[in-house]
Amino acid sequence: MTAARHHAQGLALPTLMGLLALASLATLLAMRNLWVNERLLNAQADQLRTRHQAQAVLPLAVQDIVGPSNTHPATDLRHRMGMDTQTHVFFATSWTEYRVLRQRLGSETCRSGICAPTSLDAAAHKASHWKANTATAMPVAAQDLPDGAHTAVYWVEV
0 MTAARHHAQG LALPTLMGLL ALASLATLLA MRNLWVNERL LNAQADQLRT
50 RHQAQAVLPL AVQDIVGPSN THPATDLRHR MGMDTQTHVF FATSWTEYRV
100 LRQRLGSETC RSGICAPTSL DAAAHKASHW KANTATAMPV AAQDLPDGAH
150 TAVYWVEV
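Each residue of the sequence shown is one higher than the one before, counting from 0 in numbering that gives the first Met the number 0.
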């Protein structure tokens, strides 16, 4: 009887160690699950915030395309080609104006938020391409956006 008792006591320590190892593994998996869920929630929040910004910027871009109603035509350079000696970009409304716009852009695709691509660039379909080219975009002030804390930019392709 004493041999069986010693044998049972000898199994207690490995069993306890195994249970502690399983508990530690379960804790690590639970922590990983919480971390992954936090990352997913942050990604969803970023996506929602970006969608709200895009919805706020769209009417501003449309207004930019249509043009303000209270400006003098001579000072509204975004909607007039102007003289051949000028270098500003504008919203072209004819093929002739488009060629002048392309000439003014030179090797650039966009400037001041007005884009006139020369070909179908595969990189233009990637967000990283546009993120790297925010200097060529039209900026939108933070006070014009829903949260008032972030700025945004947009491009209009002619």
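For each residue, glycine too, the CB sits at the ideal point set by N, CA and C.
Check	Outcome
Among the residues of its own chain, which have a CB less than 8 Å from the CB of Glu-96, if the five just before and after it don't count?	Met-80 and Phe-89
How many whole angstroms separate the CB atoms of Val-157 and Ala-136, which I take to be in contact at a CB cut-off of 8 Å?	No, Val-157 and Ala-136 are not in contact; Cβ-Cβ is about 14 Å, not under 8 Å.
For Leu-100, which residues from the same chain have a beta carbon less than 7 Å from its beta carbon, with the 5 sequence-adjacent residues on both sides left out?	Val-88, Phe-89, Ala-91, Ala-115 and Val-157
Could I get the ranges of all uninterrupted alpha helix (DSSP H) runs contained in the region 113 to 151, with 4 residues as the minimum, in chain order?	126 to 131
Can you tell which of Ala-60, Leu-10 and Arg-110 has its C-alpha closest to the C-alpha of Asp-143?	Ala-60
Can you give the Cα-Cα distance for Val-56 and Val-139, rounded to whole angstroms?	7 Å
What three-state label does DSSP hand Val-155 in the structure shown?	strand
Answer with buried or exposed for Trp-34, where buried requires no fewer than 16 other C-beta atoms within 10 angstroms of its C-beta.	exposed
Between the alpha carbons of Gly-105 and Arg-31, how many angstroms are there, rounded?	51 Å
Helix, strand or coil for Arg-103? Go by DSSP, reduced to three states.	helix
If we count the other Cβ atoms within 10 Å of its Cβ and call it buried at 16 or more, is Arg-50 buried or exposed?	exposed
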